[in-house]
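Chains as they are written, first to last, in the working numbering: chain A, 2 to 156; chain B, 2 to 156; chain C, 2 to 156; chain D, 2 to 156. Everything on this sheet refers to the single structure shown next.
This is the structure:
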């Protein structure tokens with residue numbers, strides 16, 4: 002049995018179990034999401050839901066949440082969705098439209114869904130809402146799969 | 002002399018001096034940019050240059066700079082460029098394309114330039130390079146001017 | 002009774018009837034959509050479905066449908082969706098991602114839905130599929146409402 | 002000498018000559034650009050300039066040039082720029098921002114420049130101006146190189 006077989010042997014066959022394992026491994030190494038207080042609510046193949054509370058140090062000069070943190074939340078949800086099949090996948094580009102401002106202490110939820118996956122590239126939509134369900138931002142990410150596994154099943 | 006005249010009286014006529022005054026006022030209130038270690042290198046009417054050093058807490062699960070921080074740097078440069086005429090201006094949408102990864106300790110420079118300004122809306126391009134001049138990301142922001150002055154000249 | 006009252010009197014109160022009336026008026030004047038063979042399948046407030054058959058003169062140097070025609074189809078569906086409330090509304094910007102090529106004689110369907118409408122600005126998503134249901138392109142449009150009515154009810 | 006060597010033998014070494022040869026070959030097959038009256042003004046490695054006159058059949062219901070034709074012009078310039086090294090390259094996604102309307106008989110010029118080219122993917126900016134030099138639209142295209150040559154040198 003070679004190394005690759007050994008890796009395969011320790012990874013779950015079930016896509017949902019694999020998505021959860023890959024996400025846990027990824028989150029443990031994702032210093033940025035942790036530092037921003039971003040939490041993973043749920044993950045499934047091609048989908049992820051994450052939350053973030055707007056902190057005082059996330060406010061810009063207009064006293065609303067700096068667009069970079071809204072983007073970061075969306076980008077994290079996108080990353081967890083597109084790596085959920087345990088294939089290392091990176092962002093090639095993203096766009097975001099801001100619909101309403103977010104304020105200090107707002108609890109934001111980002112829901113990422115896979116719209117398309119063909120060959121190495123995918124398209125993901127992420128919607129951010131606040132605690133009242135108000136739409137705050139809409140994001141579209143383009144992903145590109147590179148070599149490697151998110152987790153080999155034993156880290 | 003009414004209040005408005007008083008405000009006008011304390012603001013510089015020179016566009017460059019006004020850009021510097023507005024930026025200083027904005028930066029002082031921009032907790033987010035400060036917390037990210039983003040510094041304003043230069044500003045002029047419609048333009049801004051900002052820098053950021055990639056810290057360990059900005060790395061994602063792939064050990065490269067989380068896209069959200071690249072976006073934040075670009076978004077800050079965009080914000081300072083589009084508020085440089087002292088008219089409160091917000092982002093309506095942005096797109097970013099990632100060209101090369103950034104790593105811990107990289108020193109990134111974002112240069113924002115105004116491509117178009119007509120009525121209330123503007124288009125700004127931001128280029129991010131690293132300390133070797135390598136292109137890391139390219140960003141385009143759409144701005145929307147709302148009511149109010151960035152600084153009344155005495156805060 | 003002034004002119005404005007007269008106009009109001011001839012326009013339907015029912016949003017669906019108004020959407021149909023506005024669309025008919027708009028389509029009659031839309032030389033471009035007509036010349037491209039774009040047809041309006043259905044319209045309702047904030048939504049529109051349009052179809053287009055890929056012709057030989059729509060092929061690029063790679064013998065697939067030129068991206069400009071995919072964009073045109075999406076852009077038309079977007080325009081009919083965002084003008085469906087009879088308020089003149091224009092595009093401020095759009096993005097499109099190409100998922101699969103379209104070939105000569107393909108029958109493409111573009112479905113536009115309103116994601117957000119706040120103040121003068123809106124966000125619309127348009128999905129293009131071919132006759133087999135395959136996803137060909139995904140488009141996002143940003144709209145801006147200007148002055149005027151699409152139809153005064155008697156043209 | 003195998004077929005591949007034969008092909009290489011008939012293609013010019015000079016990048017500028019190769020860009021011109023590839024563009025000519027591509028334009029001859031580009032029914033769409035021809036039908037739109039789009040003309041190639043100049044091409045060089047990574048760059049292309051194309052023009053188009055706005056015709057009556059390009060007007061939308063607001064009597065301005067349908068966004069799809071502005072997009073088509075930009076998309077053609079982008080395509081010629083990114084195929085100028087004779088490697089078959091397609092668009093993966095594009096965004097466009099509309100700055101000012103174009104009217105019937107306006108002569109539009111699209112200038113495409115390569116911002117980045119790394120591995121198989123590139124980023125191109127296209128600016129559209131009218132006959133007075135007014136900025137009409139700004140476009141960003143993402144390219145993806147696939148297999149094949151634009152011209153084998155003898156078609």
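Beta carbons are placed, not taken as given, at the ideal position from N, Cα and C, and that holds for glycine.
Contact check, residue i vs residue j, beta carbons under 8 angstroms
i: residue 154 of chain A; j: residue 22 of chain A; result: yes
i: residue 161 of chain C; j: residue 40 of chain C; result: With chain C represented from 2 up to 156, any question about residue 161 of chain C goes unanswered, as that position is not in the structure.
i: residue 85 of chain B; j: residue 18 of chain B; result: no
i: residue 126 of chain B; j: residue 69 of chain A; result: no
i: residue 30 of chain D; j: residue 62 of chain C; result: yes
i: residue 55 of chain B; j: residue 66 of chain B; result: yes
i: residue 78 of chain C; j: residue 112 of chain C; result: yes
i: residue 119 of chain D; j: residue 71 of chain D; result: no
i: residue 145 of chain C; j: residue 93 of chain C; result: yes
Three-state class that DSSP yields for residue i in the structure shown
i: residue 35 of chain B; result: helix
i: residue 29 of chain B; result: helix
i: residue 68 of chain B; result: helix
i: residue 48 of chain D; result: strand
i: residue 104 of chain B; result: coil
i: residue 11 of chain A; result: helix
i: residue 57 of chain C; result: helix
i: residue 3 of chain B; result: With a pLDDT of only 45 at residue 3 of chain B, under 50, the local geometry of the prediction cannot be trusted, and no value is derived from it.
i: residue 85 of chain B; result: coil
i: residue 153 of chain A; result: coil
Cβ shell of residue i (< 8 angstroms), same chain only, five flanking positions each side left out
i: residue 117 of chain B; result: 123, 124
i: residue 156 of chain B; result: The predicted model places residue 156 of chain B with a pLDDT of 47, which falls under 50 and marks its position as unreliable; any figure quoted below should be read in that light. Cβ neighbours of residue 156 of chain B beyond the five flanking positions: 26.
i: residue 4 of chain D; result: Confidence in residue 4 of chain D is poor, its pLDDT being 49 and thus under 50, which makes the residue's placement unreliable; the coordinate value appears in the next sentence. Here the set comprises nothing.
Sequence-distant residues of its chain with Cβ nearer than 7 angstroms to residue i (five each side left out)
i: residue 44 of chain C; result: 20, 21, 24, 81, 85
i: residue 152 of chain A; result: 22, 23, 26, 87
i: residue 59 of chain B; result: 66, 67, 70
i: residue 149 of chain C; result: 89
i: residue 42 of chain D; result: 50, 51, 52
i: residue 137 of chain C; result: 71, 100, 101, 103, 109, 129, 130, 131
i: residue 135 of chain B; result: 101
i: residue 121 of chain A; result: 145, 146
Proximal residues to residue i (C-beta, below 6 angstroms), its chain only, five neighbours per side dropped
i: residue 12 of chain C; result: 154
i: residue 16 of chain D; result: 46
i: residue 2 of chain B; result: Here the model assigns residue 2 of chain B a pLDDT of 40, short of 50, so the residue's position is not dependable and the matter cannot be decided.
i: residue 34 of chain B; result: 77
i: residue 114 of chain D; result: 48, 126
Contact test: residue i Cβ vs the ligand FMN heavy atom, cutoff 7 angstroms
i: residue 62 of chain A; result: Summarising the ligand content, the structure contains no ligands, and the ligand FMN is consequently not present.
- Are three or more beta carbon pairs between the region 17-31 of chain B and the region 100-112 of chain B nearer than 8 angstroms? no
- Task: Could you say if the region 91-104 of chain B and the region 126-143 of chain B meet the contact criterion of at least three C-beta pairs nearer than 8 angstroms?
- Result: yes
- Query: Residues in the region 78-106 of chain C with C-beta within 9 angstroms of chain B's C-beta atoms, listed in sequence order?
  - Reply: 93, 94, 96
- Residues within the region 114-142 of chain B neighbouring chain D, beta-carbon criterion of under 7 angstroms: 116, 117, 119, 124, 136, 139, 141
- Would you list, in chain order, the members of the region 24-37 of chain D that have their beta-carbon closer than 9 angstroms to a beta-carbon of chain C? 26, 27, 28, 29, 30, 31, 32, 33, 34, 35, 36, 37
- Query: Relative to chain A, which residues along the region 35-60 of chain B have a C-beta separation below 7 angstroms, given in chain order?
  - Reply: 36, 57, 58, 59, 60
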